[in-house]
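Colleague:
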Amino acid sequence: MHSVNLAYEFDLSVIGPALPTLLDGLWLTLKISTIVIVASAVLGFPLAVARMSKIEVIRWPAQFYIEVFRCTPLLIQLLWVFYALPALLGVDLPGELSIIIALTAHLTAFMSETYRAGMQSVPVEQIEAARMLRLNRVQILRHIIVPQAFRQQIPTILSLNVSMFKDTSLVSALGLADLTFQGNILSSQTYRPMEIFTLVAVIYFAIAFPATLFTSYVERRLLTSGSRGAQPPSAGLLGTLTRLRPGQRPPALANPALKSLLKPEGV
């Protein structure tokens, strides 16, 4: 058998000097991600309520906003807000602020649809019973719809947040010194793109993968707790790893009756 000789030889000595610079970029990435996620979580709710309004002058603008940001590429949105919005408004927006605005506007559209799907999944019978008890619309929304909708949509919300953390890598195209931008600069300075970008990928993975496992775990706990007659989760290390494995579902969900109970209504 012939041995395979790789033309490229890894030089791991560049990792140590590059790590502090990459961690500075990671701090900026986490900062932007946190601001965007919190702002979108707050702004998405009134947008979802407007999207479900029976008043057309409120519903149609909200739907138009959502469809624009859902049906156009995120990079184009970043470029438009970064370059076109300051010229349109006649103001000088800082680069970081422009990027936060663009990412927040993007994620808010998806969060609002997630909220809407959760609110429309609440059984109509519960809303009618609340009306019979003479609860007004605000009380129904606060005490009945929102708690159930938020609980059901927690896995989707967490998944959107993880995706946003990864999508922040696009801001490197605008010159913001995030993790990806710092990696690109270091690869040019050291002439070691393989080592640098592998390290960048490892850093992204080290944050996104545990968050993904946690999302899957929360989803399975919610599905299991909402299933009548569901088998209790197995104990021990093997059971824990099984529950954390992405894509795994509780055995009780194989029951068609349980699936029909868990299927959102009105989505």
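The sequence shown lines up with residues 40 to 306 when you count with this note's numbering.
Where is the CB? At the ideal position from N, CA and C, for every residue including glycine.
Predicted, not measured: the structure shown is a model, and the values here were computed from it.
1) Which stretch, first to last residue, makes up the alpha helix (DSSP H) that contains M91?
2) Helix, strand or coil: which one does DSSP assign to A216?
3) Can you give me the Cβ contacts of I105 inside the same chain, cut-off strictly under 8 Å, excluding the 5 residues immediately before and after it?
4) Taking Cβ to Cβ, would you say I138 is nearer than 8 Å to L117?
5) Would you report the Cα separation of V177 and P125, rounded to the nearest angstrom?
6) Is the distance from the Cβ of L225 to the Cβ of T60 below 8 Å?
7) Considering only residues of the region 98-150, which uninterrupted alpha helix (DSSP H) runs meet the minimum length of 4 residues and lie entirely inside it, listed in chain order?
8) Report the rounded CA-to-CA distance for I34 versus L215, giving the unit in angstroms.
9) Once DSSP output is grouped into helix, strand and coil, what is the label at S72?
10) When we look at the beta-carbon of V161 and count the other beta-carbons within 10 Å, is it buried (16 or more) or exposed?
Modeller: So, from the data block:
1) Looking at the DSSP string, M91 is not in any alpha helix (DSSP H), and its letter there is neither H nor E.
2) Three-state DSSP puts A216 in coil, outside helix and strand.
3) The beta carbon of I105 sits closer than 8 Å to the beta carbons of L86, R90, A148, S151 and E152 from its chain, once the five residues preceding and following it are set aside; these are given in chain order.
4) Judged by their CB atoms, I138 and L117 are nearer to each other than the 8 Å cut-off.
5) Their Cα atoms are separated by approximately 38 Å.
6) In this structure, L225 places its C-beta atom within 8 Å of the C-beta atom of T60.
7) Listed in chain order, they are 113-118 and 124-128.
8) The chain is shown only over 40 to 306; residue 34 falls outside these bounds and no answer can be derived.
9) The three-state reading of DSSP puts S72 in helix, counting H, G and I together.
10) Buried, by the Cβ-count rule.
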